[in-house]
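Visitor: Count the sequence shown with this note's numbering and you get residues 1 to 216, in order.
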Amino acid sequence: RLAALELFGKRGFSGLTIDEVAATAKIGKSSIYLRWPDKQTLLADALRGIQGADLAQAATGTDDDADEQPQDRSTPQPQTLRDYLLAHVHRRADLYLGPYGLAMLRLYVEARAYPELFGAIREQAISRLVLDERERVTQAVRAGVLPPDAAPVRILDAVEGAIFMHLLVTPPELLDRVRAGLDDYVERMVDDQLRAAGYDAQADAERVRRLSPPGS
1 RLAALELFGK
11 RGFSGLTIDE
21 VAATAKIGKS
31 SIYLRWPDKQ
41 TLLADALRGI
51 QGADLAQAAT
61 GTDDDADEQP
71 QDRSTPQPQT
81 LRDYLLAHVH
91 RRADLYLGPY
101 GLAMLRLYVE
111 ARAYPELFGA
121 IREQAISRLV
131 LDERERVTQA
141 VRAGVLPPDA
151 APVRILDAVE
161 GAIFMHLLVT
171 PPELLDRVRA
181 GLDDYVERMV
191 DDQLRAAGYD
201 AQADAERVRR
211 LSPPGS
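1. Taking the straight line between their C-alpha atoms, what separation do you get for Ser14 and Gly98?
2. Do Leu34 and Ala4 have their CB atoms nearer than 8 Å?
3. Going straight from the alpha carbon of Gly9 to that of Val21, what length do you get?
4. Between the C-alpha atoms of Arg1 and Met104, what's the straight-line distance to the nearest angstrom?
5. Within 10 angstroms of the Cβ of Arg82, are there 16 or more other Cβ atoms? Answer buried if so, exposed if not.
6. Can you give the Cα-Cα distance for Asp183 and Met189, rounded to whole angstroms?
7. Buried or exposed: where does Glu116 fall if 16 or more other Cβ atoms within 10 Å of its Cβ makes it buried?
8. Rounded to whole angstroms, how far is the Cβ of Lys29 from the Cβ of Asp19, which I believe are closer than 8 Å?
9. Could you tell me which uninterrupted alpha helix (DSSP H) segments, each at least 4 residues in length, are contained entirely in the segment 83 to 124, listed from first to last along the chain?
10. For Ala196, name the three-state secondary structure that DSSP assigns.
11. Within the same chain, show all residues whose beta-carbon is closer than 8 Å to that of Trp36, passing over the 5 residues directly before and after it, in chain order.
Listed below in structure tokens is the structure:
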């Protein structure tokens, strides 16, 4: 699957072949066909794999790489909207800057070029996550930490679009510089959007304190 992601990222769907996947992975084609009947099924499985991990982190509000004490992940921990958006943007940045980031960027284009093939993958990789994000911002409006006229779609378009464009237009030779300044960029960008939307940080912090388990 990793070889399929690498080749898909470099060449797109039309340039992806089972022959090259086998050569890149250094395995026989027969081994691939035992699990996946064609390149469509193989690629779909690979893309779902990396998106599944991202969705799992989003659902629990955790970072698999974080150095922290074990905790119960069955129920998401209460978060301020600011903390939620910061964690979300960092997950997206990690995905785009990771080893298969190019494959994820290609997915947006290929989903338009091959809608029937990528429909289900797009639903999981893009639509489902976006709907979850909109619901989270809508909850903030209901809770009174954003004004009643705040628009979740516009807020998230600004946040998602900012990190996407920030990384997409950066030349490869400058990516290390972007990584070094990413924390500061993300914080300033999220704070700018929340400030413009009329976010009440104090009310949100008080809401989280009320919802948090005793002793947390």
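For glycine and all other residues, C-beta sits at the position ideal for the given N, C-alpha and C.
Guide: Looking at the coordinates:
1. 23 Å
2. no
3. Rounded to the nearest angstrom, the two C-alpha atoms are 12 Å apart.
4. 14 Å
5. buried
6. Approximately 10 Å between the Cα atoms of the pair.
7. exposed
8. With a beta-carbon spacing of about 7 Å, Lys29 and Asp19 fall inside the 8 Å limit used to define contacts.
9. Annotation note: the segment 83 to 124 contains the following uninterrupted alpha helix (DSSP H) runs of length 4 or greater, listed N- to C-terminal: 101 to 113 and 115 to 122.
10. helix
11. Leu42 and Asp45
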